[in-house]
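Peer 1: Chains as they are written, first to last, in my numbering: chain B, 79 to 361; chain H, 43 to 393; chain U, 21 to 347.
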Amino acid sequence: MSFRTRWRKFVNVFMLSLTGLCALVTVSILFFILGYLLWYGGKSLNWAFFTHLPTPVGETGGGMANAIVGSGKLLLLASLVGVPVGILGGVYLAEFGGQTFSFVVRYTTDLLNGVPSIVMGIFAYTIIVLPMHHFSALAGGLALGVMMIPIAVRTTEESLRSVPGTLREGALALGTSKWKTVATVVMPAAMRGIVTGVMLTLARVAGETAPLLFTAFSNRFWSSGWNQPIASLPVMIYTYAIAPYDDWHRQAWAAGLVLLALVLVANIGARLLVSRGISFGKA
Amino acid sequence: MKLKSSIATIALGAALIAAGVITLVDSPAAAPAPSPLLINAAGATFPYPIYSKWFTEYNRVHPDIQINYQSIGSGGGIRQLQAGTVDFGASDMPLNDQMLKDFKFQVLHFPTVLGAVVPTYNIQGVSQELNFTAEALADIFLGKVTKWNDPAIAGANQGVNLPDQDIVVVHRSDGSGTTFVWTDYLCKVSKDWETKVGRNTSVNWPVGLGGKGNEGVSGLVKQTPGAIGYVELIYAMQNQLPYGRVKNSAGAFVKADLASTTAAAAGEAKMMPADFRVSITNAQGKAAYPICSFTYLLIPANIQDAPKKTAIKDFLHWMLTTGQNDAEGLSYAKLPKDVVAREMKAIGQIN
Amino acid sequence: MASAPTTVDHVRPPGRTWEFIKRLRRGDEVAHLITLLAAASIIVVTVMLVYQLYTNSTLPRHKFGFSFFLGKTWDPVSGEFGALPFIFGTVVSSALALLVAVPLGVGAAIFLSELAPPRISNVTTFVIELLAAVPSVIYGLLGIFILVPVLRKGVMPFLKTTLGFLPFFQGPIYGVSMLAGGLVLAVMIVPFIISVSREVLMAVPVEQREAALAMGATKWESTWQVVVPFARVGIMASVFLALARALGETMAVTMVIGNDPRISASLFAPGYTIAAVIANEFTEATGDLYLEALIELGLVLFLLTILINGLARLVIIATTQKGAAQG
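1. Sort H:A343, H:V245, H:S244, H:T323 by Cα distance to G131 of chain H and report the nearest one.
2. Determine the closest residue to L137 of chain H out of H:D129, H:V128, H:P153, with distance taken between C-alpha atoms.
3. According to DSSP, is W38 of chain U helix, strand or coil?
4. Determine the DSSP secondary structure at E385 of chain H, reduced to helix, strand or coil.
5. List in chain order: all unbroken alpha helix (DSSP H) runs of 4+ residues lying wholly within the region 88-134 of chain H.
6. Quick check on DSSP: helix, strand or coil for V155 of chain H?
7. Mind checking if F81 of chain B is an interface residue toward chain U, Cβ cutoff 8 Å exclusive?
8. List the DSSP bridge partners of F336 of chain H.
9. S302 of chain B to A215 of chain B, Cα distance in whole Å?
10. Which bits of chain H does N76 of chain U rub up against, with CB to CB less than 9 Å?
11. Using a Cβ-Cβ distance under 8 Å, would D208 of chain H count as near chain U?
12. Taking CB distances under 8 Å as the criterion, tell me whether G258 of chain H reaches chain B.
13. Taking the straight line between their C-alpha atoms, what separation do you get for S244 of chain H and D134 of chain H?
14. Can you give me the C-alpha to C-alpha distance between V247 of chain U and L262 of chain H, rounded to a whole angstrom?
15. For G271 of chain H, would you say it is in contact with chain B, using Cβ-to-Cβ distances shorter than 8 Å as the test?
16. Taking buried to mean at least 16 other C-beta atoms within 10 Å of its own C-beta, is D317 of chain H buried or exposed?
17. Name the chain U residues whose beta carbon is nearer than 7 Å to that of L337 of chain B?
18. Closer than 6 Å by C-beta to L350 of chain B: which residues in its own chain qualify, once you throw out the five before and the five after it? Chain order, please.
19. When the Cα of V241 of chain B is compared with those of B:S195, B:I272, B:A143, which residue comes out closest?
20. Hey, does K351 of chain H have any beta-carbon neighbour from chain U nearer than 8 Å?
21. Should D347 of chain H be labelled buried (16 or more other beta-carbon atoms within 10 Å of its own) or exposed?
22. Determine the direct distance from the alpha carbon of M93 of chain B to that of T238 of chain U, and round the result to whole angstroms.
23. So if I threshold CB-CB distances at 8 Å, which residues from the region 91-108 of chain H count as touching chain B?
24. In whole angstroms, what separates the C-alpha of L104 of chain U from that of A353 of chain H?
25. Under 9 Å between beta-carbons, which chain H residues line up against G280 of chain U? List them in chain order, please.
26. Count the other CB atoms, across all protein chains shown, that sit within 10 Å of the CB of G252 of chain H; report buried if there are 16 or more and exposed otherwise.
27. Does the CB of L334 of chain U have a neighbour CB from chain B at under 8 Å?
28. Going by DSSP, which residues form a beta bridge with T162 of chain H?
29. Counting only runs that start and end within the region 121-164 of chain B, where is the alpha helix (DSSP H) found for 4 or more residues in a row?
30. Our contact map puts L184 of chain H next to D234 of chain H with C-beta atoms below 8 Å; I'd like the distance itself, whole angstroms only.
31. Give the interface partners of D48 of chain U over in chain B, defined as CB-CB distance under 7 Å, in chain order.
32. I'd like to know whether the C-beta atoms of G254 of chain U and S286 of chain U end up nearer to each other than 8 Å.
33. Considering only residues of the region 132-176 of chain U, which uninterrupted alpha helix (DSSP H) runs meet the minimum length of 4 residues and lie entirely inside it, listed in chain order?
34. May I ask which residues mark the beginning and end of the beta strand (DSSP E) holding H212 of chain B?
35. Spell out whether any CB of chain B is found under 8 Å from the CB atom of N110 of chain H.
36. Would DSSP call K376 of chain H helix, strand or coil?
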């Protein structure tokens with residue numbers, strides 16, 4: 079009996095420490111990633127990285143200015159597609175939706191959320207690149223934009239639903255029409271959640287590479303307009319990382335650091351927004 | 043006040059959608075006029091080092107013209123030209139008759155430079171240049187020879203202490219003209235290869251790892267002890283990867299360099315057909331390196347867009363004159379003089 | 021998008037016409053319509069996506085039929101395309117990822133929900149959720165330059181000498197391999213498992229724990245025999261979600277898996293996944309059959325992820341009922 083008790087105590091301590099170890103391992107992976115990128119990326123980062131165009135193959139130096147701007151343009155296009163559809167779709171589900179149709183919309187949204195990013199690339203290729211005969215920023219933006227929709231819809235719907243019903247009823251009782259209630263009372267109250275959702279999904283697509291490979295393609299130069307191939311940070315990291323050139327590896331690390339910093343800042347910002355309660359306009 | 047802000051919210055949403063739609067619809071027409079003319083091209087990675095240098099320099103001389111070349115592989119160059127998503131393509135493999143037929147428009151071949159494909163390897167402790175017989179190369183890539191100290195390799199390398207190490211074959215994962223040149227050569231020297239694998243931009247590899255582009259293959263060879271891969275000469279040189287001598291049809295082990303590449307072209311260039319489509323692998327001559335190829339730009343014979351047509355013709359002219367001087371610095375052989383002269387005439391066929 | 025199949029009934033009974041106009045003037049109908057269009061466009065996009073994948077893969081579907089899934093040869097020269105090596109690679113790399121990620125993730129979730137003080141638990145969860153935000157290509161970057169060399173120099177030789185009698189750890193050591201692909205995937209999906217499982221575990225009523233402890237159970241016994249079974253539905257769901265993500269993951273995998281379409285029992289051998297082959301060969305596929313075979317692979321991947329998502333739902337339903345019957 080006493081042995082059994084000791085054995086149980088031992089198992090208790092052993093297994094509990096093991097779970098602690100699991101948590102420790104996972105957390106240290108992040109610090110490991112951060113550390114490596116800071117070390118290698120930081121060593122390689124210089125001013126030229128932000129201001130210069132890539133050099134010809136095999137020559138050292140140059141930067142990724144066009145890819146940084148390119149990523150920005152792609153995200154702008156993606157937001158133009160993903161944000162309105164996502165938010166309005168979320169408003170529909172939370173405020174206007176009927177039973178059956180809402181179910182279908184929610185189901186498809188889940189489906190869309192599960193679509194692998196590379197498949198989204200094929201989709202944008204077949205509906206934009208092929209008919210327009212151009213790899214273009216548009217095609218890349220559309221692929222990313224569609225990827226933004228599901229999370230934007232879900233967070234919007236959830237944020238709107240979490241607004242207390244009394245707020246709505248109060249406004250409606252005053253004779254305000256429903257859309258005005260939604261637009262002036264419910265939406266502002268839910269704005270923090272909505273913005274968080276948009277930021278999170280934007281941060282997610284900012285790092286996407288697969289859907290850009292055969293839509294936005296890449297560009298050695300500045301891309302003017304929206305109908306040209308365009309460079310982006312993730313695609314540059316990919317091409318530079320698999321190449322044999324040490325100088326390209328150096329720049330891939332630098333680009334990785336910049337990309338990771340952008341993504342993490344957006345994420346931390348979004349999460350702080352939720353927990354700290356920074357307010358947007360009048361609520 | 044309340045009304046205003048609510049209208050603003052809805053208006054904002056509507057405006058965002060409208061903006062999205064307008065951008066989608068309007069953009070092709072709204073491409074700003076004063077910005078430089080962008081010509082899109084894609085294809086072979088084999089000549090990418092010199093192409094990227096050419097397109098950068100050409101842009102320096104003609105700031106109003108940008109040629110955006112993406113090295114996605116020869117297969118990609120052919121495919122994207124066919125799909126009409128690029129203005130011109132590039133390939134180390136001349137299109138065969140069936141492919142030319144599949145194109146809905148006429149395509150012209152313009153050889154740009156000559157290059158050599160070399161077997162490059164990464165064996166710890168071996169710094170000597172290895173000799174490869176054609177049979178050894180075929181058997182390594184067929185997966186029949188699996189150790190570095192196999193007699194098939196060691197026989198041609200007396201005095202080199204080859205380790206008992208597994209051979210890691212690295213090949214291309216994308217459609218590649220380098221692969222075509224390599225497999226074309228193996229087909230010519232090995233019946234076994236010709237029946238089992240064949241020649242193309244991508245083949246069904248019997249063994250090995252896949253790397254994307256000449257860049258990817260060099261990267262994998264550099265990272266993987268025991269690896270052997272095939273890359274364009276410059277990729278091996280720029281990355282300080284050792285590469286072997288290959289036994290040519292005259293029975294000599296020849297190292298790939300400018301002289302041996304030019305020697306390979308010298309004999310074959312005289313027999314070059316009018317459309318420039320020729321394979322010069324396994325060339326005759328004691329000094330000829332056996333795995334060489336012309337690399338081509340694939341240019342549509344009809345270019346609708348007048349400014350693009352002028353720019354492309356001008357670039358071809360520049361490439362055949364000034365551009366040729368950059369070749370040797372990057373270990374590509376210049377085009378033979380008579381080929382240049384004939385290409386100059388061929389430029390006139392673009393209209 | 022204007023052609024979206026709307027379900028608004030435009031035909032109204034005459035008696036309600038006036039009311040409709042009134043509501044139209046109040047703006048409610050307009051707002052309804054706008055949001056409805058947005059919602060409908062989601063359906064339209066999804067339908068278009070499936071339609072594009074389907075119609076653009078007609079050639080191989082007609083040529084190969086069902087044998088596309090069983091064919092082991094991927095030969096662009098002879099125009100023979102079989103998806104089995106890619107399906108195999110996708111499934112094995114994902115399974116390997118789960119094998120590593122599930123114990124790690126569930127263990128960490130138990131620690132965070134049962135043992136760690138709330139403050140530490142929250143901070144740690146925050147950090148782990150950031151891990152989920154790291155872009156795939158960055159995992160690939162670290163995979164190529166850090167993980168693969170470590171595997172090649174340390175881990176794989178060790179496994180070969182100790183466990184080399186197993187078919188999984190045989191053959192030449194390349195570094196880039198199925199093992200590398202699976203490990204990178206494991207790191208990428210572990211945050212999903214942790215954050216969902218932790219929430220599920222924390223939602224287990226305190227009474228359950230207290231009852232077990234009062235019966236003399238140790239902390240571990242109460243956790244493993246009472247709390248975890250109570251939460252198993254949610255944990256299963258998190259595992260399926262993670263699996264769906266692993267199946268579709270592209271960049272990190274293609275950078276470390278070796279890109280070679282061959283079926284091998286050894287985890288040291290290179291492999292190829294569906295997503296990776298599309299990424300590598302899509303722009304360079306010469307010939308329509310080749311391109312459409314890749315698109316059909318895309319369709320297969322899409323269906324596979326739907327299937328897994330569907331299974332997740334089924335498991336939730338099934339286990340809930342069983343749980344209810346037992347409880």
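Using N, Cα and C, we set each Cβ at its ideal position, and we do this for glycine too.
Peer 2: For this structure:
1. Of the listed residues, the one whose Cα sits closest to G131 of chain H is H:A343.
2. Of the candidates H:D129, H:V128, H:P153, H:P153 places its Cα closest to the Cα of L137 of chain H.
3. Secondary structure at W38 of chain U: helix, using DSSP grouped into helix, strand and coil.
4. Per DSSP, reduced to three states, the secondary structure at E385 of chain H is helical.
5. Taking only runs of at least 4 residues, the alpha helix (DSSP H) segments lying wholly in the region 88-134 of chain H are 90-103, 116-125.
6. DSSP places V155 of chain H in strand when its eight states are reduced to three.
7. For F81 of chain B, the answer is no, since every Cβ of chain U falls outside 8 Å of its Cβ.
8. Bridge pairing for F336 of chain H: H:L156 [DSSP].
9. Taken atom to atom, the span from the alpha-carbon of S302 of chain B to that of A215 of chain B is near 10 Å.
10. Within chain H, no residue comes near N76 of chain U; the closest Cβ sits about 12 Å away, beyond 9 Å.
11. So, interface residue.
12. Closer than 8 Å to some Cβ of chain B, the Cβ of G258 of chain H qualifies, so yes.
13. Spanning the two alpha carbons is a distance of roughly 13 Å.
14. Separation of V247 of chain U and L262 of chain H (C-alpha to C-alpha, rounded to the nearest whole angstrom) is 48 Å.
15. With 8 Å as the cut-off, G271 of chain H does not count as an interface residue toward chain B.
16. Exposed: under 16 other Cβ atoms inside 10 Å.
17. In chain order, P155, I158 make up the part of chain U whose C-beta sits under 7 Å from the C-beta of L337 of chain B.
18. Within its own chain, no residue has a Cβ closer than 6 Å to the Cβ of L350 of chain B once the five positions on either side in sequence are excluded.
19. For the residues B:S195, B:I272, B:A143, the minimum Cα distance to V241 of chain B belongs to B:I272.
20. No, its Cβ sits nowhere closer than 8 Å to a Cβ of chain U.
21. Exposed, by the Cβ-count rule.
22. Cα-Cα distance, rounded: 11 Å.
23. Taking 8 Å as the Cβ-Cβ cut-off against chain B, the residues of the region 91-108 of chain H that qualify are P91, S94, K95, F97, T98, N101, Q108.
24. When rounded, the separation of the alpha-carbon atoms in L104 of chain U and A353 of chain H is 47 Å.
25. The question names Gly, but residue 280 of chain U is Asp in the sequence shown. Here the neighbours are H213, S215, W247, V249, G250, L251, G252.
26. Buried: at least 16 other Cβ atoms inside 10 Å.
27. So, not an interface residue.
28. Looking at the DSSP assignment, T162 of chain H forms a beta bridge with H:G271, H:Y285.
29. List check, alpha helix (DSSP H) in window: 125-129.
30. So it is a contact: roughly 7 Å between Cβ atoms.
31. At a C-beta separation below 7 Å, D48 of chain U has these neighbours in chain B: S255, K256, W257.
32. Not in contact: G254 of chain U and S286 of chain U (Cβ atoms no closer than 8 Å).
33. Segments of the alpha helix (DSSP H) lying fully in the region 132-176 of chain U: 138-153, 156-162.
34. Where H212 of chain B is concerned, there is no enclosing beta strand (DSSP E), given that its DSSP letter is neither H nor E.
35. Yes, N110 of chain H counts as interfacial toward chain B.
36. Secondary structure of K376 of chain H (DSSP, three-state): coil.
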